[in-house]
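Read the structure below first, then the notes.
Protein chains: 2
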Amino acid sequence: MDKLRLAIFSGLFQPGSRLIESQLCTQLGISRPSLREALRSLEAERLIEIVPNRGPSIPALTWEKATAIYEVRELLEVEAAGRCASRIRPEQVLELEKSLSAFEEAASSNDSLAQVMTAADFYSIILANCGNPVLEEVHRGLVARISFFRGRSMSLEGRAQSSLAEMREIFESIAAGDEKAARKASKKHLLKAKAAAKLSMDGAV
Amino acid sequence: MDKLRLAIFSGLFQPGSRLIESQLCTQLGISRPSLREALRSLEAERLIEIVPNRGPSIPALTWEKATAIYEVRELLEVEAAGRCASRIRPEQVLELEKSLSAFEEAASSNDSLAQVMTAADFYSIILANCGNPVLEEVHRGLVARISFFRGRSMSLEGRAQSSLAEMREIFESIAAGDEKAARKASKKHLLKAKAAAKLSMDGAV
DNA sequence: ATTGCAAGAATGTCAGACAATCGGTGTTGA
DNA sequence: TCAACACCGATTGTCTGACATTCTTGCAAT
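What follows is the structure, encoded as structure tokens:
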């Protein structure tokens, strides 16, 4: 399942393309029952679609659907940032700071994969410290579904740098324990991230 | 899968109890591979837990975890009520009204199952008309995970009646297109529902 | 009473098979 | 020539049966 998930994240499969069970079996070196279990899990996570008698396929993510995901993500992430700010502790500030400098380093490079990874790390620290594991869990599921966009929008000219500035603002607010500012900064960041995703999508069509 | 889901919803399995694959197979009249696919789906929905080499079991829902779910649910449901209010159309008002009177009828009976069902119907209309399918989908997943409580809290003395009053308030706000009032009413309703769930849980231990 | 071990139970995984269904292809008829 | 239809390959849905691995439980020995 992890191999499949990774393959989907890295964009190995074309959106809309069908996944042939027998092919995947030989590629992964596992049997069909095992594969189908994994596919059912991924289906429940909405990473793939399974239509009866047609089998699994990578769902084509329309911008409309992506917008819906971004909206819910905003709801959750803003809440998490706010909660995190109001319950932050020194060691977590350090952790966030460390993660932020990791992203800073990545942002100055051209390795968009490293950028996405380190940025995701930054968010996950916030989500992990918001005090609500369900919030974290649902958020992770949503982000996974739009992972398709993340690499591409991060590749946009200057996106990594402005992302860094926005994330620093979030960090400052949280470190200061300012819940309201954290919410605001988080909201702003998401708005820009969404706009960047839209740009990257329009540019690619 | 649907049969299993229904069985879980109706509380057929004791929380914490293990589900033996071979038993379920004979009970459901299906083979192990098919059953395991279904179990993987339910695991991804967090309706069951599968620990390696120990197999599937019904997760014991602590109040702490339930609180986390209720908090996220509030976030989503309040948002949905607000959105629904600001984009409501006459035919949906009718639909809501019809659903509300169905609940009214159930509330005056002693059939707590019918109460839960009709109430769920009312919410799902709101969620379906909030304009964001992802919001609806995530919400449904969360509600499923606390279905355990819903029947019991609805059985509390007078809970159905006060629930009816709160739902009517939500309905009025939405029908009036008053987004702010809808959010407020929805929040209030959830707060009370949560308190009732807590009561029913404490009373049962 | 505690520890170690062995038998049983349950899971994880596989191979192989077969029916049901879908999609495309070739044929037939208007 | 084009459309409707029948056919066939490909693929999925499902089953049976099997076997290794791991966990649990009961028993025996210290």
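Chains A and B, in that order, are what the protein sequence lines are. The numbering of the first sequence is my numbering, which starts it at 1 and goes up by one. The numbering of the second sequence is my numbering, which starts it at 1 and goes up by one. C-beta: ideal position from N, C-alpha, C; glycine also.
- At a cut-off of 8 Å, the C-beta of Asn53/B has no neighbouring C-beta in chain A.
- For a cut-off of 8 Å, the C-beta gap from Ala44/A to Glu45/B is around 6 Å, short enough to register as a contact.
- Proximity of chain A to Asn129/B at the Cβ level (cut-off 7 Å) is not reached, the minimal Cβ distance being about 14 Å.
- Three or more Cβ pairs drawn from the region 56-75 of chain A and the region 122-135 of chain B lie within less than 8 Å of each other, which places the two stretches in contact.
- Residue state for Glu157/A is assigned as coil, using DSSP reduced to three classes.
- Pairing Lys194/A with Asn110/B, the inter-Cα distance amounts to about 49 Å.
- Glu49/B sits in a strand when the DSSP states are folded into three classes.
- Between Leu100/B and Arg168/B a beta carbon distance of about 7 Å is seen, short of the 8 Å cut, so the two are scored as contacting.
- As DSSP reads the structure, Gly55/B sits in a beta bridge with Val51/B.
- A residue is called buried once 16 or more other Cβ atoms fall within 10 Å of its Cβ, and Gln161/A, having fewer, is exposed.
- Between Gln115/A and Ala107/A a beta carbon distance of about 6 Å is seen, short of the 8 Å cut, so the two are scored as contacting.
- Going by C-alpha positions, Ala60/B is about 43 Å away from Met201/A.
- DSSP places Arg5/B within a helical segment (H, G or I) once states are collapsed to three.
- Counting only Cβ-Cβ distances below 8 Å, Arg36/B has contacts in chain A at Pro33 and Glu37, in chain order.
- A residue is called buried once 16 or more other Cβ atoms fall within 10 Å of its Cβ, and Glu77/A is buried on that count.
- In this model, Cys84/A and Ala175/A are separated by some 9 Å (Cα to Cα).
- Interface criterion not met: the Cβ of Val143/A is under 8 Å from no Cβ in chain B.
- Of all residues in the region 86-115 of chain B, none has a C-beta nearer than 7 Å to a C-beta of chain A.
- Here DSSP, grouped into helix, strand and coil, assigns Arg18/B to strand.
- A distance of 8 Å or more separates the beta carbons of Arg145/B and Ser153/B.
- Leaving aside the five residues that flank Ala38/A on each side, the residues in its chain whose CB is nearer than 7 Å to its CB run, in chain order, Met1 and Leu4.
- Bounds of the alpha helix (DSSP H) holding Cys84/B are Trp63 to Ser86.
- Asp111/B carries a coil assignment under DSSP once its states are collapsed to helix, strand and coil.
- Put simply, the CB of Glu21/A is far from chain B, with every gap to its CB atoms at 8 Å or more.
- DSSP, reduced to helix, strand and coil, places Ile126/B within a helical segment of the structure shown.
- Under the DSSP assignment, Ala144/A falls in the alpha helix (DSSP H) whose first and last residues are Pro133 to Arg145.
- For a cut-off of 8 Å, the C-beta gap from Arg36/A to Glu21/A is around 7 Å, short enough to register as a contact.
- Going by C-alpha positions, Trp63/A is about 18 Å away from Ser57/A.
- Within the region 64-77 of chain B, Lys65, Ala68, Ile69, Glu71, Val72, Leu75 and Leu76 place their CB atoms closer than 8 Å to a CB of chain A, listed in sequence order.
- With fewer than 16 other CB atoms across the displayed protein chains lying within 10 angstroms of its CB, Ala165/A is exposed.
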